[in-house]
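Residues 664 to 1704 in the numbering used here are what the sequence shown lists, from first letter to last.
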Amino acid sequence: MVPETAAELAGPTYCNGQTLIEQVSFALSDKIYSYGTEEQELDLSVARWAEAGQHNAAGNAVSFSRMQVRSGAASMILGNIFSRDNNLIKHASPSTILATSSSLIAMKPVLDQLSLLYSAATPLVAHVSSLDLSPITSNYVSDYSRALALSREGGYAVLTSTSAHEIQHMALLATLLSSELPTVHTYDGLRVARERTRVVDVLDQAALKRTYTRVLQQSDALSSKDEPADRVAKILKTLNAELGTEYGLFEYFGAADATSVAVVFGSPEAATAKLVALQLADAGTKIGIVNVRVYRPFAEEAFLRVLPATCTRVAVLGQVYTSDDVRDAAITSVLYSDVLSALAMSSVWASRKVAVVDVKYTREIVWRAGNMAAVLKQIGAGNNTIDVAALEDESNFGIEAEQFVQWDLDTQASAESATLLATILEAGQENVNYNKSFDNYAEGGLVHHEIKLSAKSIEAAYAVESASVAVVSNIQILKSYDVVKTIKENGTLLLKHAFKPEEIEAKLPDVFKHAIAGKSIKLILLNLASLGDEVDETAALQVAALKLFRPTLTTDQLIEQSTNVHEFVSRDQIKAIVEHLDTALLAFDIPAEWSTIEAATLPAFVTANSFAPNTEREVAYPENQQAGWQTAAKQIAFKEAYSFKSTLRPDVAEKTWQVKVQANRRLTPTTYDRNIFHIEFDITGTDLKYDLGESLGVHGHNDPEETRKFIEWYGLDAEDLIQVPSRTDTNVFETRTVYQALQQNVDLFGRPGKKFYEELSVYATDEHDRKILTSLGTPEGAVDFKRRAEVETVTYADLLEEFKSARPPVTELVKLIPATKRREYSISSSQKVHPNSVHLLVVVVDWKDQRDRERFGHCTRFLSNLQLGEQVTVSLKPSVMKLPPRPEQPIVMAGLGTGLAPFRAFVEERAWQKQQGMEIGACMLYLGSRHQKEEYLYGEEWEAYKDAGIITTLGQAFSRDQPQKVYIQDVMRSTLPDIQTALMAQEGSFYLCGPTWPVPDVQEVLEEAIRTQAQQDGTKVESAKVIEEWKEARRFVLEVY
664 MVPETAAELA
674 GPTYCNGQTL
684 IEQVSFALSD
694 KIYSYGTEEQ
704 ELDLSVARWA
714 EAGQHNAAGN
724 AVSFSRMQVR
734 SGAASMILGN
744 IFSRDNNLIK
754 HASPSTILAT
764 SSSLIAMKPV
774 LDQLSLLYSA
784 ATPLVAHVSS
794 LDLSPITSNY
804 VSDYSRALAL
814 SREGGYAVLT
824 STSAHEIQHM
834 ALLATLLSSE
844 LPTVHTYDGL
854 RVARERTRVV
864 DVLDQAALKR
874 TYTRVLQQSD
884 ALSSKDEPAD
894 RVAKILKTLN
904 AELGTEYGLF
914 EYFGAADATS
924 VAVVFGSPEA
934 ATAKLVALQL
944 ADAGTKIGIV
954 NVRVYRPFAE
964 EAFLRVLPAT
974 CTRVAVLGQV
984 YTSDDVRDAA
994 ITSVLYSDVL
1004 SALAMSSVWA
1014 SRKVAVVDVK
1024 YTREIVWRAG
1034 NMAAVLKQIG
1044 AGNNTIDVAA
1054 LEDESNFGIE
1064 AEQFVQWDLD
1074 TQASAESATL
1084 LATILEAGQE
1094 NVNYNKSFDN
1104 YAEGGLVHHE
1114 IKLSAKSIEA
1124 AYAVESASVA
1134 VVSNIQILKS
1144 YDVVKTIKEN
1154 GTLLLKHAFK
1164 PEEIEAKLPD
1174 VFKHAIAGKS
1184 IKLILLNLAS
1194 LGDEVDETAA
1204 LQVAALKLFR
1214 PTLTTDQLIE
1224 QSTNVHEFVS
1234 RDQIKAIVEH
1244 LDTALLAFDI
1254 PAEWSTIEAA
1264 TLPAFVTANS
1274 FAPNTEREVA
1284 YPENQQAGWQ
1294 TAAKQIAFKE
1304 AYSFKSTLRP
1314 DVAEKTWQVK
1324 VQANRRLTPT
1334 TYDRNIFHIE
1344 FDITGTDLKY
1354 DLGESLGVHG
1364 HNDPEETRKF
1374 IEWYGLDAED
1384 LIQVPSRTDT
1394 NVFETRTVYQ
1404 ALQQNVDLFG
1414 RPGKKFYEEL
1424 SVYATDEHDR
1434 KILTSLGTPE
1444 GAVDFKRRAE
1454 VETVTYADLL
1464 EEFKSARPPV
1474 TELVKLIPAT
1484 KRREYSISSS
1494 QKVHPNSVHL
1504 LVVVVDWKDQ
1514 RDRERFGHCT
1524 RFLSNLQLGE
1534 QVTVSLKPSV
1544 MKLPPRPEQP
1554 IVMAGLGTGL
1564 APFRAFVEER
1574 AWQKQQGMEI
1584 GACMLYLGSR
1594 HQKEEYLYGE
1604 EWEAYKDAGI
1614 ITTLGQAFSR
1624 DQPQKVYIQD
1634 VMRSTLPDIQ
1644 TALMAQEGSF
1654 YLCGPTWPVP
1664 DVQEVLEEAI
1674 RTQAQQDGTK
1684 VESAKVIEEW
1694 KEARRFVLEV
1704 Y
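Written out as structure tokens, the structure reads:
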């Protein structure tokens, strides 16, 4: 919303940061040059005000020009500034540039030249939105790295704003500094510039001019002999006195006695880091942050003054351009160099030997309270190698605000209902933040709304992470985003749909079912048809959202507040919606079995790739098609015309790699009833990088012989082609032979659920078959269904063979049978030790059914039969099972059977750390299996590591090798003092991997160690509570199945 006049901006008002930037520019400049596209919206307000002939604060008409971004950009400005025709009366009035960070490169030669001759030039200030388009994600990113890098060689000032609440003041400061130096004011163009929020102390045009003039008058006394940093500091001090503010060149927030301090630059970084650091400090963590407000000139003494005297470690959060720059130890962030130099050149700080760490991150990192808390905790823990992108978000951090999200397709009429909801809330007493983001790639065009509501001003601009209410207005959105992740526990999800109640479950994607089953969320359904034929869609969704988000409103309040924001919907129409809403909102019970559904991972946070709805295409959802080789040949020959591309696994959402088997050896004797094997994959030539504790997802195939037998029995031609819409993107066709589709795509030999029985009954031509299939999906057939599923272990292929009259065409069959899910196995190798391979430890799952047929686990059989050189498609799944941040912290590991896999990787990593000269902590391994002779998995390696001093305790529990069974908890109890020392005295971490049954007994051993230690210390302790604290700190990690 663009203000009609620049003069109307004043006092407490709702606006966004970009509008305030433009207000300052318009009020204090005679000439404004804009270097941005229309979509980037850098100049909507100034363009409108200038076109209307409005005057600035000095009473002059403002010249506004929209320029092209190209080589030599700003040359015309340079000519204007030094022109002999330049009006001498206006000479002191600054010129303003509005630009994005991507245009700075083109402007650099002009800015450098200007800084050399600046004493004879008109003042120049550039307000630079950090907006750039990432070539990696095709999304907009906040880019500060260019502004910092370019300013190192130029003689101009660089400062930043951290929030919309101070952006007007910083724009004013930048304009003031331009009287001394050409000045660049950079700010977040993604959220701070666009998020609508309530700013309390907005200066009007007259106040801006008055403050600007007073500060300049007092600055006339500055000596030309003063260093640039001193002149900047004096101007800032004078501005503070005028505004009653306390801005600093550098600002410290956090614990007064912090030992670790993070240094940050940038709008979202600084505001979010401040919020989290204060919360950590309140919780007793000795950590703080320094916000770099003015980066150039870098005032080293001012920086050192704000550091706590207790500081022993400084971590610089430095933005770099690419992920290669993050990995390359030879490349440092620009900010790191300045901080390191300031500490090294100070005799006081150099003598303290403060460690300085460069925590690099790319422009694609989107900062939120969750990931900022994870980074600051790692810094506080002394970790020197922090992979920002790999950290899992921390919970329970962030602003104290009620939060709301809404997801719409941008073509829907209801897409504006969230904007109207924000308008209603803005009329109240609380502070409201409203943000709208567009994703033009998802589902043909998607818009995401976020609202935050708080009694306090909301300074940190970041994505909603804990919404109490979420609205999804189209079920198709659930295929592109994990809408559940950003809803808090016990929150509410309102799903608008247009289906019959009995159709809903079938329409919901598996990824959504799995996600919502894992949280305590109330799912509410709304079918607008239940509100009448003539109901206004926007009004109905807005009223429903307001009712759920503000449940204490009376009926009259709900009607009045809603009526006030609708221009074309009458009060009677709103009243009718309100009166029928209770019956239209239907609670949906979430089945417990949804939690067992395997599903891919979807993104949860929207990063904008546009600032407007998509006008270029519409989504169509095609049906399966039969195809011929001629179709495939045309697609291959004319790839551009058919948008054809060859993809490794187009049917899966995860990034995949193709690897080769380089070793596959059985570890148990062939005479033993359990086939446990070690398999290695060669990853040479791929970009596969895995971390400790991660799992390898194996995309296995159905057994070739059994698949061909089924195809022959079903009467199909294995070489026929079919085209199937991808399960992850219905705009994309996958071309498969019948054999490929049935062997690679669908879980043909998996166990069907009730849904398949119901769907298959539709195709049954025999009445008897139809009745049985239908009954098996009802409560009356529950006993028979359970027998088939759990005792007979019936497969999809078995059912089709049993009910021969039910014969869906193959194009429908590949839709009815769920996709083959990847199976995940803990990686048993460290990539530091095995840079070109990844290892797994696997046991073949096999059994005999009631008919004495051999049955096998889908993927373990596939893996066990692989030959050397065969290719396999794999993906990665992250894990919470990580080593402690410091190598000297002990690790206590308990692994049963193949649960030893991640611990082999842990031990290899510790051995590598020791080889690098690092001091490593105690490494205690407890393993359990049935027989030592047959199942001492990796036994020779464990013994060698123990002899080398890597493994300090090796506890072995072979339960059936003696008359009285010995379990892993028994062996752990025998070394209780060592466990006490490792976990309590030395702050080690405990890990358990394997089946679930030993968890209570193993936890009891640990609680016994806690109680024993407390007794020795003469203190009282709740052992169970300590375990929960360890879990929270990720010092007690379970990976059980």
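Every residue gets a Cβ at the ideal spot worked out from N, C-alpha and C, and that includes glycine.
Residue i versus residue j: straight-line alpha-carbon distance, rounded
i	j	result
L1384	K1318	25 Å
L1539	H1502	13 Å
R1031	L1248	33 Å
V1206	G1444	42 Å
F1060	R1433	55 Å
P757	S1010	41 Å
F1373	Y1402	10 Å
A713	F727	6 Å
S1622	S1592	6 Å
E1357	R1470	42 Å
D795	S764	6 Å
A1452	H1364	22 Å
K1688	T922	28 Å
T624	I1167	Lying outside 664 to 1704, the shown extent of the chain, residue 624 is not represented and no answer is given.
R1516	Q1407	23 Å
L970	V953	8 Å
P1442	P1415	16 Å
A1133	I1150	7 Å
V1684	R1674	7 Å
E1152	E909	39 Å
F966	F913	6 Å
V804	P931	11 Å
A1304	D706	In this prediction, A1304 has a pLDDT of 48, which is less than 50 and means its spatial position is unreliable; what the coordinates show is noted afterwards. If I take the Cα positions, the gap works out to 39 Å.
Cβ separation of residue i and residue j, assumed to be a contact under 8 Å, to the nearest whole Å
i	j	result
T759	H790	7 Å
T1201	A1076	6 Å
Y1420	L1439	4 Å
L1423	V1537	Not a contact, Cβ separation roughly 32 Å.
V1147	I1184	7 Å
L1265	V1135	About 13 Å; that fails the 8 Å criterion.
N1098	R854	6 Å
Start-to-end residues for the beta strand (DSSP E) that takes in residue i
i	result
E1510	What sits at residue 1510 in the sequence shown is Trp, not Glu. From DSSP, the beta strand (DSSP E) with W1510 extends over 1509–1511.
Q1321	1320–1329
G699	From DSSP, G699 is part of no beta strand (DSSP E); its letter is neither H nor E.
Assigned exposure category for residue i - 16 Cβ within 10 Å defines buried
i	result
R1485	buried
E1343	buried
D1001	buried
P960	buried
L1531	exposed
G1657	buried
L780	exposed
D889	exposed
D1073	buried
Residue interval of the alpha helix (DSSP H) (run including residue i)
i	result
Y1608	1602–1610
G1033	1032–1043
I925	The amino acid at residue 925 is misidentified as Ile; the sequence shows Ala. No alpha helix (DSSP H) contains A925, which is instead part of the beta strand (DSSP E) from 923–927.
Y875	868–882
D1354	Premise fails: D1354 is in no alpha helix (DSSP H) and is neither H nor E.
ask   = Is there contact here, the segment 1155–1163 with the segment 1034–1049, by at least three beta-carbon pairs under 8 Å?
value = The segment 1155–1163, when compared against the segment 1034–1049, does not touch it at the 8 Å Cβ threshold.
query = For the segment 1553–1570 against the segment 1584–1592, are there 3 or more C-beta pairs whose distance is under 8 Å?
reply = Result yes; three or more Cβ-Cβ pairs closer than 8 Å.
request  = Kindly confirm or deny that the segment 1014–1031 and the segment 895–909 touch, where touching means at least three C-beta pairs closer than 8 Å.
outcome  = Result no; under three Cβ-Cβ pairs closer than 8 Å.
inquiry  = Closer than 8 Å is the cut-off here; do at least three beta carbon pairs connect the segment 1051–1065 with the segment 1168–1183?
reply    = Taking one beta carbon from each stretch, the segment 1051–1065 and the segment 1168–1183 have fewer than 3 pairs nearer than 8 Å; the two do not touch.
message = Under 8 Å, with one C-beta from each stretch per pair, do the segment 1236–1250 and the segment 1106–1114 reach the 3-pair mark?
response = Contact fails: fewer than three Cβ-Cβ distances are below 8 Å.
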